[in-house]
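Remarks on the structure that follows.
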Amino acid sequence: MPTTLPQSNLPGLELIHRGKVRDVYALSDDRLLMVATDRLSAFDVVMPNPIPGKGEMLTQISNFWFGKTAHLVPNHLLDVPLAEVLPPGTDLKLYEKRAVVTRRLKPVPVEAIARGYLIGSGWKDYQATGSLCGIALPAGLKQAQQLPAPIFTPSTKAAVGDHDQNVSFDAVVDAVGADLANQVRDATLAIYQWAAAYAAERGIIIADTKFEFGTDANGKLYVMDEMLTPDSSRFWPADEYRTGISPPSYDKQFVRDWLETQDWNKTAPGPVIPDEVIARTAAKYAEALQRLAGIRLD
1 MPTTLPQSNL PGLELIHRGK VRDVYALSDD RLLMVATDRL SAFDVVMPNP
51 IPGKGEMLTQ ISNFWFGKTA HLVPNHLLDV PLAEVLPPGT DLKLYEKRAV
101 VTRRLKPVPV EAIARGYLIG SGWKDYQATG SLCGIALPAG LKQAQQLPAP
151 IFTPSTKAAV GDHDQNVSFD AVVDAVGADL ANQVRDATLA IYQWAAAYAA
201 ERGIIIADTK FEFGTDANGK LYVMDEMLTP DSSRFWPADE YRTGISPPSY
251 DKQFVRDWLE TQDWNKTAPG PVIPDEVIAR TAAKYAEALQ RLAGIRLD
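For the sequence shown, UniProt numbering assigns the number 1 to the initial residue and increments by one for each residue that follows.
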């Protein structure tokens, strides 16, 4: 059965970051221990109650995609057994499917987003301006419509409780320089296009997805954190897809849609998610894991 872990506790290891979902600990030799908890973040707010097993599913699907796309862009994973780095007395079963040992990289300060369809904040921006992150789009597009070609639509990296803001590519250039900005854009679109084609063969549309990147001491670019998970992507069943609506999904859009019906101003604290919404969301994650990666929960 999947484990439940709202927050990690690893005495003896230095906690260097507790994010919306992941807890990150320092290890020796420029390595990190990254733990995916079962916390749920929506609209950049961590919800009060977790989704049991979510961290295990996120880690397994991320590891699957990291392996599948290593020929395109190198990633942060290191082949180090968890038992070698966890503190003595730690319950290995609680962490073995939700924690990984990674390179310690310098994060690129941008959320690297690829969009193939017009949905979410992209749809809202398009309605207001006819463009997205400074990219002019054709007039008359509908909600959830496929774009003429995938586009790179970066955003700021917000702290816990703050909201990401869509920005132009020029803003990324200003932040990190033209060379690194171009590398991030090219890597984002290459991974997205490869993964979208892979998923399409399995009856799933990847509407959009978000990557994070980092560089090593030599300036080499790696994709890191998570990859193509239900937390960072919108997965739609192809046989239920249509325009003009927010399509059914295998991701946390189910939670987002429920939250949109609540009297809530999208700031912390978030509302308690009903058990039914928790259970249905967990089932969506599990189905995505099985359909995309062929991994079934024990």
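Ideal placement from N, C-alpha and C gives every residue a C-beta, glycine not left out.
All values derive from a computational prediction rather than experimental measurement.
- Under the three-state reduction of DSSP output, Lys97 falls in the coil class, being neither helix nor strand.
- Annotation for Met47: no beta strand (DSSP E) segment contains it, and DSSP assigns it neither H nor E.
- Take the alpha-carbon of Leu259 and the one of Leu86: they are about 37 Å apart.
- One alpha carbon belongs to Pro88, the other to Pro6, and they sit about 21 Å apart.
- Distance from the Cα of Gln253 is smallest, within the candidate group Lys284, Glu276, Arg185 and Thr37, for Lys284.
- Rounded to the nearest angstrom, the gap between the Cα atoms of Asp231 and Leu72 is 22 Å.
- In the three-state reduction of the DSSP assignment, Ser233 falls in the strand class.
- Only exposed fits Val272, as fewer than 16 other CB atoms lie within 10 angstroms of its CB.
- Within the same chain, Cβ atoms closer than 7 Å to the Cβ of Leu292 are found at Ile61, Ala199, Arg202 and Ile204, the five residues on either side in sequence being excluded.
- As summarised for the region 221-294, the continuous beta strand (DSSP E) elements at least 3 residues long and confined to that stretch are 221-224 and 233-237, given in chain order.
- Remark: C-beta atoms of Gly67 and Thr4 do not approach each other more closely than 8 Å.
- Between Met224 and Thr102, the C-beta spacing is below 8 Å.
- The beta-carbon distance between Lys157 and Thr243, rounded to whole angstroms, is 31 Å. This is too long to meet the 8 Å contact definition.
- Judged by DSSP in its simplified three-state form, Phe211 adopts strand.
- Within the DSSP bridge table, the entry for Asn166 names Ser155 as partners.
- In the structure shown, Lys54 falls within a helical segment according to DSSP collapsed to helix, strand and coil.
- Counting only residues of its own chain and dropping the five nearest sequence neighbours on each side, Asp239 has a CB closer than 8 Å to the CB of Gly203.
- Cβ atoms of Phe152 and Ala114 come within 8 Å of each other, at about 6 Å.
- For Asp23, the enclosing beta strand (DSSP E) covers residues Arg22 to Leu27.
- For Ile191, the uninterrupted alpha helix (DSSP H) segment begins and ends at Ala178 to Ala200.
- For Ala112, there is no enclosing alpha helix (DSSP H); the residue is found in the beta strand (DSSP E) stretching over Ala112 to Tyr117.
- Secondary structure of Asn75 (DSSP, three-state): strand.
- For Ala128, the enclosing alpha helix (DSSP H) covers residues Ser121 to Thr129.
- If you compare the alpha carbons of Glu14, Ala207, Val172 and Trp264 with that of Asp30, the shortest gap goes to Glu14.
- Taking a 10 Å sphere around the C-beta of Arg280, we find fewer than 16 other C-beta atoms and assign the residue as exposed.
- When the five nearest sequence neighbours on each side are left out, the beta carbons in the same chain lying within less than 7 Å of the beta carbon of Tyr126 are those of Leu118, Leu132, Leu137 and Leu141, in order along the chain.
- Remark: C-beta atoms of Ser155 and Glu111 approach each other more closely than 8 Å.
- CA-CA distance, Pro248 to Gln183, rounds to 33 Å.
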